[in-house]
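Working notes, structure below.
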Amino acid sequence: CPNHVSRCVNETIALECKDEMFLQLTHVCEPECPEGQFETDGVNGVGGYCNLCHENCKTCMNATTCLECKNQHYLTHDFKCAPECPSGYYGVKSDDWDDGLGGRCKACHENCSACNS
1 CPNHVSRCVN ETIALECKDE MFLQLTHVCE PECPEGQFET DGVNGVGGYC NLCHENCKTC
61 MNATTCLECK NQHYLTHDFK CAPECPSGYY GVKSDDWDDG LGGRCKACHE NCSACNS
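Position one of the sequence shown corresponds to residue 1 (this note's numbering), numbered consecutively onward.
Here you go:
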């Protein structure tokens, strides 16, 4: 197996990484996961791998915590991506909204149950 690979099918297909590396979806070992994926640590630097973020999440910490949305979805107060903001919140589009990125939900003023800014 190549460097940083503890188990492999052959020289180009890794099954498990070592040395604090992460197994990519392409079966290679890299020091970090690409955008749209999150890292799952292995044990003692062995067995770390990458997982996909939710389909409307551009960057995430784990399977349930999104940090930035895409596909014109809004990041909610509970770190989910939704096509609309929940009651008591309004959507703020990102500068790149028209290019497929997302926005954020901001809380309405405490005296309002609904708002648009």
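For every residue, glycine included, the Cβ atom is placed at its ideal position computed from N, Cα and C.
These numbers were taken from a predicted model, which means no experiment stands behind them.
In the DSSP assignment, VAL9 falls within the unbroken beta strand (DSSP E) covering 5 to 10.
Runs of the alpha helix (DSSP H) spanning 4 or more residues and lying entirely within the segment 27 to 107 do not occur at all. Looking from the CA of PRO83, the closest CA among CYS69, ASP96, ASP41 belongs to CYS69. Per DSSP, reduced to three states, the secondary structure at ALA114 is coil, with no helix or strand assignment.
In the DSSP assignment, CYS1 falls outside any beta strand (DSSP E) and carries neither an H nor an E. Boundaries of the beta strand (DSSP E) harbouring GLU16: 13 to 17, taken from the DSSP string. Out of LYS93, PHE22, CYS85, the CA that lies nearest to the CA of CYS108 is found in CYS85. Under DSSP, LEU23 takes part in a beta bridge, and its partners are CYS29, TYR49. By the Cβ-count criterion, LEU25 is exposed, with fewer than 16 other Cβ atoms from all chains shown falling within 10 Å of its own Cβ. Shown here for TYR49: same chain residues with a beta carbon closer than 7 Å to its own, the five before and five after excluded, namely PHE22, LEU23, THR40 in chain order.
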